[in-house]
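Below is one structure, written out as structure tokens; the observations come after it.
Chains as they are written, first to last, in the UniProt record's numbering: chain A, 1 to 477; chain B, 1 to 477.
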């Protein structure tokens, strides 16, 4: 919520955006990006000149309805030339027309602090940001109003001028794609770019990535970079950077901090930790899942605790998990994926002949998202047995997502195991699929595939489930 | 946890089961069911005779280690003839050898209360229990040690003698299958049996069902029985009834209560509500999912609040959701499912040609489990367009599970919609699949399929998401 008090919601003299705060965000027509480097023009510019205010100044705005608004003047990319963009203390940007402002008091002049470009190196530095696309670096498409990736990392850093206080940063645009277009061959390119960055001497790497398939990429990088000299932090944004409720700035700042300070050599996903903006959570790359289509705290650890909590405002890193992979002496890259795999989710009515069809399409491995402890109808047993005999790996995960499969409990599980199905413990279906693609490039026969699949390589299997790993439900309270 | 105090965990004089309590449950060799109608024999029987104790008596056992155990003597189906089964006040059964018992004091004699068979009618009564199989009515298989459905509803009612205090109960064994063997044709049989029960005049129906596919059946019944004279309560058990931590008794009792007292005409899933045993939660049949492979509170509402909380001990029903479907004047059955559908989960690397393969196998509809707000790679657009042109319905859901799809936000979503993909809002992928099977039997053309799919028929679409519908994570606290 905005930090401007509950009453503001009902005060009709306030502009709609301020009255309804962030909840309105998804309904409010978005800023249209006219130009990403220009800032205030026209009326707003004249208003600011009158007070001698420049971007970065900390302001106290007395509004015409008697209320006050305190925050830092940010660059505006709105087409509405009357809008001032104020960054509130809670990290959010709000847009307000200068027409609603009675008077302005400058609390502290920072001037160059924001207006000045953050220094971005081409290579090296303490942290390297590798940009692949996604909402964290997106802008609005003129014609359709839809969001499209466009801003460069340099441009995004204009939004987070604090970044330079965290350390020296270099940036590289590797791709500019929405993450639903991500492919295993791109995972290989990202892994290579990460390795190159560490070879250049950075302490940590931030990978800016669309959120849709970020967890898949996190798993792919985890298996490809089993020895790392420092943290690899995947970060994205659930709300694009032109929106007042955007999580771009907080997530990016927090990730730079984590990449520099994190005393581990693991791949993590670092995103909003809870409803408000107090911290982000760094989730182990093989134990994380996007669990909500739009919430900023969409990414959550499954069958695992997050590795760390990052207090972006306090610039403090708090480790949650003790057992982390240590920084290695060098970064060892072992990449390559065989995409001849299939993820088959079971449902009542699914016919077992589907297995034949999948096998005949040339796949080398199938991950089943079974029911409960790892089941399909028994009718699948002969079809799966035939597939395994033909050299196709068949692994079992659960569509429950939480908990582990255990195929010893019921007759069905035992029958499927006897047919050659391998239970994959508490591995997430998506992680099992990515791991299988990676394993198939390395194993010489089915027995080796099976061994590698049930071997805990980078923390993708967790046998110690504790009660707090299952989230608290009961929304009826 | 067991109600016998924390210290008991470390007391080596106690039997292993009591020392480690329920946590040990999954490791402890299970009771083997020798006979489901007999009870105490041999040594235990002699011990009980000595004290003149019969099943149902409330006892205070002084143990040899100085501790006490208070509870009700239950029938034992253990092969170990030394075991006494005591139902603790928290609802759990524990097994303890009489050898660890120093002395027994009878607190209250109930005698016939438990030993006596609960009266089970063949038809009518206030509540009808339709048994389809699953763990709630399962026993251990001799040869393998695995669990197999076997016990009749009558036999299960021996475990919950309190049932008769809730009302008159009739029971029917419809099938005896593990729920992974459930099929759309069986859904039809269950729906018919439910209709028949209401026609016989019951107030509510309990459907005992395996947990693996219970949510699918709940959705199928929801669409088939849109007008209901009373509650249809699906219930199962995550731990079989022979295990001390079994949730069979609590879930079944609570469901009988709900079926009789619930003032609504909806299909719900009623299972353990939280870690302990204080209440069960009744989830709307089209908004529920099994979210854990083994926990007793595995079933949770997604994008919705539970309808009601059932305090089984207090015999109290607490409504959580105000907007429920009212009891109708008659039960209207409209069943039938077309299983020529496919649920396709998208992942990076999935090739778009898979759409052609699915369509050529003769399906009439595809539900995509897309990423984020409802995406696949853009490469899928021409393939999906072709499928839709050939009369195949293509609906979009999200693998995030929480939140709604919104295909207007990004270019990819707009492209897919333009190709003919229908966004299915916040419908769960599994519910969308079951609904599609039902709709395909009723609609005469693709346009009608589309209309019915986005029409909120029985609460499967919820547009009012509130913050508490997303469970609380952050297991690092």
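From the three backbone atoms N, C-alpha and C, an ideal C-beta is built for every residue, glycine too.
Just measuring C-alpha positions, the residue of 251/B, 405/B, 221/B, 379/B sitting nearest residue 163/B is 251/B. Residue 60/A and residue 166/A have their C-alpha atoms roughly 27 Å apart. In the displayed model, residue 379/B falls within coil according to three-state DSSP, outside both helix and strand. Residue 225/B sits in coil when the DSSP states are folded into three classes, being neither helix nor strand.
Residue 450/A holds the alpha-carbon nearest to the alpha-carbon of residue 365/A among 450/A, 98/A, 204/A, 379/A. Rounded to the nearest angstrom, the gap between the Cα atoms of residue 249/A and residue 126/A is 19 Å. With contact defined as three or more Cβ pairs closer than 8 Å, the segment 344–360 of chain B and the segment 381–401 of chain B are in contact. At a cut-off of 4 residues, the continuous stretches assigned as alpha helix (DSSP H) that sit fully inside the segment 348–429 of chain B are 353–360, 380–389, 411–418.
By the Cβ-count criterion, residue 300/A is buried, with 16 or more other Cβ atoms from all chains shown falling within 10 Å of its own Cβ.
Secondary structure in the segment 268–308 of chain B: the beta strand (DSSP E) runs of 3 residues or longer, each lying completely within the stretch, are 280–284, 288–290, 299–301 in chain order. For residue 398/A, a Cβ of chain B is located within less than 8 Å of the residue's own Cβ. The three-state reading of DSSP puts residue 58/A in strand, counting E and B together. Listed by position along chain A, the residues whose Cβ is nearer than 7 Å to that of residue 300/B are 473. Counting only runs of 4+ residues, the alpha helix (DSSP H) found wholly inside the segment 175–242 of chain A occupies 184–199, 214–224, in chain order. Its Cα nearest to that of residue 286/B, the residue 224/B stands out among 391/B, 204/B, 224/B, 229/B. By the Cβ rule, the segment 405–421 of chain B does not count as touching the segment 200–210 of chain B, because fewer than three pairs are nearer than 8 Å. Note that the segment 219–237 of chain B touches the segment 425–437 of chain B; at least 3 beta-carbon pairs, one per stretch, sit closer than 8 Å. Assignment of residue 171/B by DSSP, reduced to helix, strand and coil, places it in the strand class. If you draw a straight line from the Cα of residue 50/B to the Cα of residue 71/B, it is about 19 Å long.
Nearest CB-CB separation between residue 312/A and chain B: not below the 8 Å threshold. When Cβ-Cβ separations below 8 Å define contact, residue 377/B makes contact with chain A. In this structure, residue 294/A and residue 403/B form a Cβ contact; the two beta carbons are roughly 5 Å apart against a cut-off of 8 Å.
When Cβ pairs closer than 8 Å are counted between the two stretches, the segment 313–320 of chain B is seen not to touch the segment 446–466 of chain B, the count staying below three.
Among the residues of the segment 262–280 of chain A, those with a Cβ less than 7 Å away from any Cβ of chain B are 273, 274, 275, in the order of the chain. In the DSSP annotation of this structure, the continuous segment of the beta strand (DSSP E) that includes residue 86/B starts and ends at 83–87. In the three-state reduction of the DSSP assignment, residue 164/A falls in the helix class, which pools H, G and I. In this model, residue 187/B and residue 217/B are separated by some 6 Å (Cα to Cα). Taken through DSSP and simplified to helix, strand or coil, residue 345/B comes out as strand. Residues of chain B whose Cβ lies closer than 7 Å to the Cβ of residue 292/A are, in chain order, 400, 402, 403, 470. Put simply, the CB of residue 467/B is near chain A, with a gap under 8 Å to one of its CB atoms.
Within the same chain, and ignoring the five residues on either side of residue 321/B in sequence, the residues whose Cβ sits closer than 6 Å to its Cβ are 305, 307. By the neighbour-count definition (other C-beta atoms within 10 Å, threshold 16), residue 260/B is a buried residue. Along the segment 355–373 of chain B, the positions whose C-beta sits under 7 Å from a C-beta of chain A are 357, 361, 371, 372, 373, read in chain order. The beta carbon of residue 376/A is closer than 6 Å to those of 346, 370 in its chain, skipping five residues each way along the sequence. Residue-level contact check: residue 347/A touches chain B, since one or more beta carbons of chain B fall below 8 Å from its beta carbon. Classified as exposed, residue 185/A has fewer than 16 neighbouring CB atoms from the shown chains inside 10 Å of its CB.
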